[in-house]
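Under UniProt numbering, think of the first position of the sequence shown as 1, with each following residue one higher. No residue lacks a Cβ here, since even glycine has one placed at the ideal position from N, Cα and C. Just so we're clear, the structure is a prediction, and the values are computed from it rather than from any experiment.
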Amino acid sequence: MALLHFGWFLGAGFGVQGWGDPSYGIGYDWKKPQVYQDAARLFEHSGLDLLIIEDGVTVPDTYGGTSEVNLANARFAPKHDPLPLVPYLLSATENLGIVPTMSASFYEPFTAARLLATLQHFADGRLGWNVVTSGSDLAAQNYGLDKQIEHDLRYDRADEWVSIIRKLWRSWAPESVLEDAERGVFADFTKVAPINHEGKFFRVRGPINTVPMPQEPVMVQAGASGRGRDFAGQNSDVIIALSSTPERNRQFRDSIRQVALAAGRNPDHVKVLFAVTPIVTANAEETASVKARRSDLNQAAIDEALQSISYLSGVDFKAFDLDAPLPELTTNSNQGTLDNFVKSAPPGSTLREILQVRANRDGLAVIGTADEIVDHLETLGEASGGDGFLFAGQVHPANVHRTLDPLVPVLRRRGLIRREFGDGGLRGNLLDF
Ligand SMILES: Cc1cc2nc3c(=O)[nH]c(=O)nc-3n(C[C@H](O)[C@H](O)[C@H](O)COP(=O)(O)O)c2cc1C
1 MALLHFGWFL GAGFGVQGWG DPSYGIGYDW KKPQVYQDAA RLFEHSGLDL
51 LIIEDGVTVP DTYGGTSEVN LANARFAPKH DPLPLVPYLL SATENLGIVP
101 TMSASFYEPF TAARLLATLQ HFADGRLGWN VVTSGSDLAA QNYGLDKQIE
151 HDLRYDRADE WVSIIRKLWR SWAPESVLED AERGVFADFT KVAPINHEGK
201 FFRVRGPINT VPMPQEPVMV QAGASGRGRD FAGQNSDVII ALSSTPERNR
251 QFRDSIRQVA LAAGRNPDHV KVLFAVTPIV TANAEETASV KARRSDLNQA
301 AIDEALQSIS YLSGVDFKAF DLDAPLPELT TNSNQGTLDN FVKSAPPGST
351 LREILQVRAN RDGLAVIGTA DEIVDHLETL GEASGGDGFL FAGQVHPANV
401 HRTLDPLVPV LRRRGLIRRE FGDGGLRGNL LDF
């Protein structure tokens, strides 16, 4: 099979890494850049194309109306802002794409355009931006709103936000900077123009007050609802998708490619990367014991699952009887995620049954020996359309090494992972195959 793209999705963001692991905190401090730099170097040496750093701006207290479970287990909080980490990651690596998350809801477009342009100059074309719309009301309340604006309207606003940022980046023509010391002309004023944007949500005059970048940052997006897919297919270069069955992966990718085509884009320039969490074991016996441990639905496992879906959907799942069917649920937050959760088990299932079905199946986890995992990725990669995968997990040393050390040699032997990078920056690397 042909080469696949691989990346790492750091779902804990610039947050606590490895809490609960016996190696927690040994030789590293999650609050400082070094542990992320070490991981980034390993990703690059392994042949991964990019590192995506999640972000959110709340201390969740949706589950049971308190932050107790979240803070006791360091789930979704605390975390630092990912942007100041970016220069450290760039300085530790030469080819890895670095992709911080940015909220279209909470950054003014001019601020976002200027920050990203500045970082892209440091990055020599290796920067990406993971655009999120931040569904949480808790987040909105940190920015002067009572609640987050309506789901589809949020995407309309994000559409306008992205278009303004791109207009600002293009407000200096590529040949506008002359640096002509003889004539005493730094930049040609006729090639720099205001954008005079007046839209439904924003008014921005422009031009941007920094110079053109080596290439525009690669846009990353993870919307899964119908409106989210439209936004992603129209605007994004990389789509983060939660991996499911080969058929569902293929359908998801096809739906994104159709939107891209309808928008006049080349669908081959849009890479759909499926998130998986490899758990490498030594043998069949260990695989069986890992699976048995994961399917034990004890109180801690229930709390873990429910705090997560409560935060992601904005619905307090503590309010529901575990042994009764779930009521009809809707959300203004992450619709795709809620839908996915509710449909895990047949209609009419109790909440406990839904949780048990999810605990029994592997979900994003791929559990087995390195050869078995690579077999699975090879088959799934081909069946899903052949773009590639994101390894989802924390970046404390034990986790990155126990995942990549056994997997990468097998991926290399099978010719599935790149051995070298070109010089076209992150966009060039993504278009290599
Ligand atoms: C794998 C994955 C990663 C995501 N990362 C973030 C993130 O870092 N920050 C954030 O606010 N939302 C994140 N989201 C949420 C998405 O950006 C999006 O808002 C969400 O999937 C809901 O979209 P939908 O309503 O179109 O399904 C992520 C979603 C997925 C599936």
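Which residues does DSSP list as the beta-bridge partners of residue i?
| i | result |
| --- | --- |
| Thr-101 | Asn-130 |
| Asp-180 | Val-185 |
| Ala-365 | Thr-277 |
| Phe-76 | Bridge partners of Phe-76: none, in fact. |
| His-45 | The partner list for His-45 (beta bridge, DSSP) is empty, contrary to what the question assumes. |
| Thr-190 | None, per the DSSP bridge assignment. |
| Gln-221 | Val-131 and Ile-239 |
| Pro-325 | Thr-350 |
| Gly-56 | Answer by DSSP bridge pairing: none, since Gly-56 is not bridged. |
| His-197 | Val-204 |
| Gly-15 | Lys-79 |
| Trp-172 | Val-192 |
Ends of the beta strand (DSSP E) at residue i?
| i | result |
| --- | --- |
| Pro-278 | 271–280 |
| Phe-138 | According to the sequence as given, residue 138 is Leu; it is not Phe. Here Leu-138 belongs to no beta strand (DSSP E); instead the alpha helix (DSSP H) covers 137–140. |
| Val-410 | Element bounds for Val-410: not the beta strand (DSSP E) but the alpha helix (DSSP H), 397–413. |
| Trp-8 | 5–10 |
| Phe-389 | 388–392 |
| Leu-306 | No beta strand (DSSP E) contains Leu-306, which is instead part of the alpha helix (DSSP H) from 299–313. |
| Ile-53 | 50–53 |
Have a look at the options and flag the residue whose alpha-carbon is nearest the alpha-carbon of residue i.
| i | options | result |
| --- | --- | --- |
| Gln-120 | Trp-172, Gly-425 and Gln-251 | Gly-425 |
| Ala-288 | Thr-277, Val-342, Asp-362 and Ser-313 | Asp-362 |
| Arg-293 | Gln-356, Gly-314 and Gln-148 | Gln-356 |
| Thr-118 | Leu-430, Val-211, Arg-413 and Val-272 | Val-211 |
| Arg-257 | Ser-244, Gln-307 and Ser-236 | Ser-236 |
| Gly-336 | Ala-263, Gly-226 and Thr-350 | Gly-226 |
| Val-395 | Lys-31, Leu-3, Arg-170 and His-5 | Lys-31 |
| Val-99 | Thr-93, Pro-82 and Ala-112 | Pro-82 |
| Thr-350 | Pro-327, Glu-372 and Asp-316 | Pro-327 |
| Gly-388 | Ala-241, Ala-112 and Pro-60 | Ala-241 |
| Ile-354 | Ile-302, Arg-166 and Asp-371 | Ile-302 |
Residue i lies in the alpha helix (DSSP H); which residues open and close that run?
| i | result |
| --- | --- |
| His-80 | Where His-80 is concerned, there is no enclosing alpha helix (DSSP H), given that its DSSP letter is neither H nor E. |
| His-121 | 109–123 |
| Ala-232 | 226–235 |
| Leu-377 | 370–383 |
| Val-342 | 335–342 |
| Leu-355 | 351–360 |
Sorted by chain position, which residues of the same chain lie with C-beta nearer than 8 angstroms to residue i's C-beta, five sequence neighbours on each side aside?
| i | result |
| --- | --- |
| Pro-246 | Thr-379, Leu-380, Ala-383 and Ser-384 |
| Gly-25 | Gly-18 |
| Glu-150 | Asn-332 |
Who are the Cβ neighbours of residue i in its own chain at under 6 angstroms, not counting the five residues just before and after it?
| i | result |
| --- | --- |
| Ala-173 | Lys-191 |
| Val-177 | Ala-187 and Val-211 |
| Arg-427 | Gln-215 and Val-218 |
| Asp-230 | Val-259 |
| Arg-154 | Thr-133 |
Can you find the residues in the same chain that come closer than 7 angstroms, C-beta to C-beta, to residue i, ignoring five residues on each side of it along the sequence?
| i | result |
| --- | --- |
| Arg-414 | Val-374 and Glu-378 |
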